[in-house]
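In the working numbering, the protein residues as written are 4 to 564. Glycine is no exception: its CB is placed at the ideal position from the N, C-alpha and C atoms. Single-structure report; data block below.
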């Protein structure tokens, strides 16, 4: 399966399926559900980290890159999982967290013990002459980005949690270790890799303060060395596999940088994740705020990235949801009054765009944010830190919780809802590590029996693999100024596809280009536009009036000319 035809399913192993009853997901549990994964029609599965970890950042604080966390299983379990997916034609994508390691990692511990070789694996700096920290950078999880390095008088850089020490990629030995880690997993049959926050590995030396009034992220993000390091890593590891598929998570990035990362001619990565479209409900760029999302900004950003990546020969990873984001259905639609329509409309936007769609577990059945009532319901350190900072700053606890509840990463980490059982939702026979709240209304068993969301996802995935206009077609915007509808056109070798998606809870009228007047409905998310029918079976003219189409609330429809 080529890059353009592929669809990726993301699994957060801790929350997918627990085979032992201890409340934590594991590899054997995933093996039990391989047939379900295959039934979706996806080509690859991206697994969040299941390596040994203290768990301060839910597995992204890795203490051993080349082993399996005992809570998740054994290396034999992993080999069986690769084989089970491989028999069904599904590739395995592993999450490589190579910007930082846990402070429990052997490298950091040897550095702390005084080994100069390993001390050069990290950014260790003395305080400034006035005794202040080496730079004024702020941790992405709150607080300073520096922590004391034992009793040495030095500080180590930690852009995320203070137990996640940034690796010094200027050191060739660190870059060699990164390639060794990737090659270890290649030897286990893995060809696909996702690289966590990979565009912050190219920090410019010397590390310096951000000028007053500027965002410190731009002091260490998208540095020119990132391209050099990625090319070196590719040549030494995954680039040796012609059919390898790689994706980089790009923090605070630009279209220009991402064209460079993903243009095949550069020999770096296959595609990139960017997050600007998921910040349109941040007040003044601040995540921990609660404001209505800006639909005009959402459209503008999606369009700019689609056009910019296309013009530069880059490739987008397309997504609404992942383990770090609250559920998109709660952010951008109406899961209460239009649950099915909201879920399928959002899916239509992503799956018919130019790029590679990613489906985050539970998205395909319309899972929503949990109905939590207290900060104690959350496990994630980022959410808890944010709540502390908001209340310490004078915000009332109730409002602070409402803000955190709207943005918390744990919203997406609740266990996969296989059935209506309480409390485990078919995920576990024990007590789940994080509880679900609406498995009675939303679960796989119910969707398989009578649902409309799961069949719609399966149809969208199949269409990408059937129609070159979806997998390879050029992108062009349509109706950019419409206040309720996101629309675009795809075109390939004479085939044209018009995609219309209503983001509002009221009807919205859209003019239809003349060449689509005689088109047929390829797929639609309302009854009467049955997504199980063959492409071209439903004439669009049946819905048109004076060259316009009236979209119902959260309706999505695609016309094929």
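Cβ neighbours of residue 533 in the same chain (closer than 7 Å, five flanking residues each side left out): Only weak support exists for where residue 533 lies, its pLDDT of 49 falling under 50; the coordinates are left without a value.
Under 8 Å by Cβ, that's how I've got residue 75 and residue 53 pegged, so tell me the actual separation to the nearest angstrom. 4 Å
Would you list the residues sitting across from residue 312 in a DSSP beta bridge? According to DSSP, which records beta bridges pairwise, residue 312 is partnered with nothing at all.
Are at least three pairs of beta-carbons, each pair with one atom in the stretch 482-502 and one in the stretch 383-390, less than 8 Å apart? Of all C-beta pairs linking the stretch 482-502 to the stretch 383-390, fewer than three are shorter than 8 Å, placing the two stretches out of contact.
Of all the alpha helix (DSSP H) runs that stay within the bounds of the stretch 458-482, which reach a length of 4 or more residues? With a minimum length of 4 residues, the unbroken runs of alpha helix (DSSP H) contained wholly in the stretch 458-482 fall at 471-474.
Checking 8 Å against the spacing of the C-beta atoms, do residue 275 and residue 300 come in under that value? no
By a C-beta neighbour count over all protein chains shown, 10 Å radius and 16 as the cutoff for buried, is residue 340 buried or exposed? So residue 340 ends up on the exposed side.
In the DSSP output, which residue or residues are listed as bridge partners for residue 319? DSSP output for residue 319 lists 275 as bridge partner(s).
On the criterion of 16 or more Cβ atoms from any shown chain inside 10 Å, does residue 329 qualify as buried, or is it exposed? buried
So what does DSSP say about residue 174, is it helix, strand or coil? coil
Test item: CB-CB of residue 44 and residue 465 under 8 Å: yes
List, from N- to C-terminal side, the alpha helix (DSSP H) runs of 4 residues or more that fit wholly inside the stretch 75-110. Counting only runs of 4 or more, we get 78-90.
If you draw a straight line from the alpha carbon of residue 267 to that of residue 474, how long is it in whole angstroms? 17 Å
Suppose you measure from the CA of residue 187 to the CA of residue 194; what does that come to, to the nearest Å? 11 Å
Would you give the residue range spanned by the alpha helix (DSSP H) that residue 2 belongs to? There is simply no residue 2 to check, as the chain begins at 4 and stops at 564 in what is shown.
Using the DSSP secondary-structure output, state which residues sit across from residue 58 in a beta bridge. BP columns for residue 58 are empty, so no partner.
Cβ pair residue 164, residue 64 closer than 8 Å: yes
Indicate the three-state DSSP secondary structure (helix, strand or coil) for residue 142 in the structure shown. coil
Classify residue 222 as helix, strand or coil using the three-state DSSP reduction. helix
Does the beta-carbon of residue 122 have 16 or more other beta-carbons within 10 angstroms, so that it is buried, or is it exposed? buried
Relative to the alpha-carbon of residue 151, which residue among 160, 440, 143, 277 has its alpha-carbon at the smallest distance? 160
Specify whether the stretch 367-381 and the stretch 431-445 touch according to this definition: at least 3 beta carbon pairs, one from each stretch, less than 8 Å apart. Result yes; three or more Cβ-Cβ pairs closer than 8 Å.
Could you tell me which residues DSSP pairs with residue 435 in its beta bridges? Paired residue(s): none; residue 435 is not in a bridge.
Shortest alpha-carbon distance to residue 210 belongs to which of 405, 140, 448? 140
Ordered along the chain, which non-local residues of its own chain (more than five positions away) have a Cβ less than 6 Å from that of residue 365? 419
Can you give me the start and stop residues for the alpha helix (DSSP H) that residue 342 sits inside? 342-354
Residue 116 versus residue 179 - alpha carbon distance: 22 Å
Helix, strand or coil, according to DSSP, for residue 118 in the structure here? coil
Proximity below 8 Å, CB of residue 237 to CB of residue 270: yes
Helix or strand or just coil, what does DSSP make of residue 324? Here residue 324 sits in coil by DSSP.
Could you give the residue range of the alpha helix (DSSP H) that holds residue 18? Neither: residue 18 is in no alpha helix (DSSP H) and is coded neither H nor E.
Under the rule that 16 or more other beta-carbon atoms within 10 Å means buried, what is residue 2, buried or exposed? Here the chain comprises residues numbered 4 to 564, so residue 2 is not present and cannot be evaluated.
Option nearest residue 201 by Cα separation, candidates 228, 458, 214, 432: Per the Cα distances, 228.
Per DSSP, what kind of secondary structure is residue 536 in: helix, strand or coil? Confidence at residue 536 is low in this model, with a pLDDT of 45, below 50, so its placement is unreliable and the value that follows should be read with caution. Three-state result, residue 536: coil.
Would you check if the distance between the CB atom of residue 181 and the CB atom of residue 101 is smaller than 8 Å? yes
Hey, could you find the ends of the alpha helix (DSSP H) residue 403 is sitting in? 400-410
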